[in-house]
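Take the sequence shown: its position 126, counted from the start at 1, is 441 in our numbering, and no numbers get skipped. For every residue, glycine included, the Cβ atom is placed at its ideal position computed from N, Cα and C. From a predicted model like this one, the values you see are computed outputs, not experimental measurements.
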Amino acid sequence: MSSKRRPVLFNANVQPRLAKFNSPESVAHFHQQLPGFGRTPLINLDDVAEEIGVRAVRVKDESKRLGLPSFKILGASWGSFKAITQVLGLPLSISIEALKQAVASRPISLHAATDGNHGRAVARMGTILSIPVEIWVPESMHLSTIELIRSEGAEVIVSGGSYDSAVSEAQESAERKGGILIQDFAFNDYQDIPKWIVEGYATMMLEIDEQMGEESIDLVIAPVGVGSLAQAVVSHYKGKEAPTAVLTVEPDTAACFYKSLRRGEIVVEHSSPTVMAGLDCGTVSSIAWPILQEGVDAALTVSDYEAHQASVHLKNHGISSAPCGAATLAALRRLSESEKATLGLNSNSLVLLLSTEGARDYVMPLSVDTDDAVSLTQTLVQIDSVNSTLVPALGGGETAIARYIKAWLEHRDIESHWIEPVRGRPSVIGVVRGKGVGKSLMFNGHIDTVTLSGYDGDPLSGHIKDGKLYGRGSADMKGGVAAALVALASVQGLGLSGDVIFAGVADEEAKSMGTEHVLQAGWRADAAIVSEPTNLEIIHAHKGFVWLEVDVFGRAAHGSRPDLGVDAIIKAGYFLVELDKYATGLKNKVPDSPVGPPSVHASLITGGEEVSSYPALCSVSIERRTVAGETPETVEQEVRAILAKLKDHDTDFDFDVRITFSRPPFSISRDHPFVLATVGAVGQSLGEQPVLRGGPFWADSALLSAEGIATLIWGPRGEGLHAKQEYVYSDSVTCVADTLSTIARGYCA
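Put into structure tokens, the structure is as follows:
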């Protein structure tokens, strides 16, 4: 377990008693009319009780409730029933069969948004009453879950965004079609139906009371999504004579209640997809919030991997529970001895866990527990993040690795931000805030890699042999990214004066849109270190580049008519000869910069349609590497001059040239204060004076420098960048992590 994880939040303003439910017995009577109604089991977990050090741990198993794998049918059925009777002006005493006959003569549709179980429950009510149901789901929902909702007879519409987006779209659809929105999330004036859904959960609370008999519960652990079930739990247990503590659990990446409780007001959270799908919510229900704020004793969050482990543990006990349902067990197992004592737990205590759903399909999550830079590098290498611009058909893009990094940050309660102006190309920001009076430092690293194709061995292994950590991106540059993340976490809680920022950016291997997006979003720092693999040498300058497209025109004609045709490919050959002379001239220039002379080469050439025709066009793609003082405009002028000279000597030579892309060169003075400070810190870490030099490549440092950010490139030792076998030296990753932490402590002090 990470020593830096998000702490348990104890509520200093919790109230011992709150108003309890009104007439929960009438709700239970309604549920008893539903086909297949029966109590769900309350199961002892003796091994967990022994592990935790309490008298008993019992889990309410909601994996089979009214033929569905979740408790949600209790709220959805009662909420739908009350909403329909209200619309039709019918009494609550009406039977379900009579209500079915009544709706047959009046068109009514039900609409809902869901992460899975709520939508399936609403769909089941539509089947029971023979009315149409439309369910909106977030784009991240597993296909098997979508099919289960469809199997209940509902129309399923996939939203283009998150759960919160799906709620908005479901509301709009219900209003447009004159239907009823059945949602457990209260917002604005939408209050009644969410309140009725919460009332529906009272049946579960009454069942637990009956099953407990004379025994009292000392702690109940409830999951929080939008907060409806937790609202029911608080309303029930805080309305009793005997004191019962309430602990809530949320995913690390969807901690909307935790953060709201900490701030004292509702916080809208940008949640990330989680295997605890039913808890993937960004906003607490407005009717749940005041009750939870007063009635919850403590709140905490767990990782996807912890919830997965808890799910496996319950499965071994014969309990079907998905990570969402097993989150309560994960919450209990993460409590320290002091946290258990603060909650009043001892050897005589009884703990109740609510397992809210049965097993379902999900993608196996990776652990975010490690604080070790080498172990973190291994995990990052195991995530496919091939740049989808470079390999459109096979490139996985940065989404999976960005989600992992965000989860890693949130697990440590580090402020995180998701930047994705181009769909499927996200970047992630992590921030350890300072006091606002010191200098800020950014660690920048790209999270994409080049292709996995042609790699010798498993490109995603991350295995270590002889001190070398292997895999695509291990050196370029997941080792540097891991080191930066660990360094960021190391300064949390130190009370530095300035901010320390991590920017994990997309697309550096293509056009660096990620760093551009970060800068466009307004992120700045006084200084930055890009932790590319530099073999522990400090890079203070590098070249830029200009990409040009040269079109050489001919005249199309049949191959038998040389009198009519002009061969564009042959004409382009004259240009290539002159380009080679141009390249030689650049190479022979005496360099007046630390990056060496400029260079040029022909990268791609295309032309012709078929063998029997004179080609009308030959296109040559050129890359020109630039040094300080050169601009895209001056480069284009030089290439255009070569082409114009050819045209002067050959009237049949015709051309066009254009710049397709460019990036500037970069440099920072060797005696800049940030350079001197970094050289000192690196030298102390290495035990010798570090190399300070220029580099021939290009990196995102140029974009940062162009915004006035004092930037250097420094990272671990590695080999095989873009090659058939790539590795990073694991000891150098640790060195970089420790040294970046030292630099941050000094610069942002």
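Taking D907 as reference, the option from P707, S982 and H632 with the minimal CA-CA separation is S982.
The beta carbon of I698 sits closer than 8 Å to the beta carbons of L681, A715, I716, Y719 and L775 from its chain, once the five residues preceding and following it are set aside; these are given in chain order. Restricting attention to G515, M757 and M520, the CA atom closest to the CA of K397 is found in G515. The beta carbon of A872 is closer than 6 Å to those of L879, G880 and Y929 in its chain, skipping five residues each way along the sequence. Straight across, the Cα-Cα distance linking L1036 with K783 is about 14 Å.
When rounded, the separation of the alpha-carbon atoms in V548 and F758 is 44 Å. Rounded to whole angstroms, the Cβ separation of T616 and R1008 is 45 Å, and the two are not in contact under 8 Å. In this structure, the alpha-carbon of E1034 lies about 30 Å from that of L863.
Distance from the CA atom of G769 to the CA atom of R787, rounded to whole angstroms, is 11 Å.
When DSSP states are grouped into helix, strand and coil, T616 belongs to the strand group. A959 is positioned such that its CB atom lies no closer than 8 Å to that of A883. Taking a contact as a CB-CB distance under 8 Å, the pair V815 and L803 counts as one, their CB atoms being some 6 Å apart. Sequence-distant partners of K750 (beyond 5 residues in either direction) whose C-beta falls short of 6 Å from its own C-beta, in its chain, are S812. Pairing A569 with S586 gives a Cβ-Cβ distance under 8 Å. Under the three-state reduction of DSSP, M456 is assigned to coil, being neither helix nor strand. In this structure, P509 and S543 form a Cβ contact; the two beta carbons are roughly 7 Å apart against a cut-off of 8 Å. Beyond the five residues adjoining it in sequence on each side, A557 comes within less than 7 Å, by CB distance, of S531 in the same chain, given in chain order. Annotation note: the region 569 to 652 contains the following uninterrupted alpha helix (DSSP H) runs of length 4 or greater, listed N- to C-terminal: 571 to 578, 604 to 610, 619 to 631 and 638 to 648. Taking a cut-off of 8 Å on C-beta distances, the region 1008 to 1022 touches the region 978 to 994, as three or more cross pairs fall below it. Counting the other CB atoms within 10 Å of its CB gives P406 a total below 16, which places it among the exposed residues. The Cβ atoms of L705 and A843 do not sit closer than 8 Å to each other. Following the DSSP letters along the chain, one finds H855 inside the beta strand (DSSP E) bounded by residues I853 to H857.
Positions of the beta strand (DSSP E) runs, each at least 3 residues long and wholly inside the region 371 to 396, are given as 371 to 376 in order along the chain.
Remark: three or more beta-carbon pairs, one from each stretch, lie closer than 8 Å, so the region 602 to 609 and the region 534 to 542 are flagged as touching.
Selection D567, K904 and Q624 evaluated against C596 yields D567 as nearest (Cα-Cα). Counting other Cβ atoms within 10 Å of its Cβ, T518 reaches 16 or more and is therefore classed as buried. In the assembly as shown, V905 is an exposed residue. Its beta-carbon has fewer than 16 other beta-carbons within 10 Å. For L650, the number of other beta carbons within 10 angstroms of its own is at least 16, and it is reported as buried. The secondary-structure analysis by DSSP pairs H916 across a beta bridge with E938.
Among the bridge pairs identified by DSSP, E730 is matched with V746. Secondary structure in the region 932 to 1008: the alpha helix (DSSP H) runs of 4 residues or longer, each lying completely within the stretch, are 947 to 964 and 988 to 1001 in chain order. Every alpha helix (DSSP H) stretch that sits fully inside the region 412 to 460 and reaches 4 residues is listed by chain position as 432 to 444. Of the candidates L360, L658 and V363, L658 places its Cα closest to the Cα of L562.
The DSSP-derived three-state label of L667 is strand. F336 places its beta carbon less than 8 Å from that of G554. Membership of I844 in any alpha helix (DSSP H) is not indicated; the residue belongs instead to the beta strand (DSSP E) covering A842 to V845.
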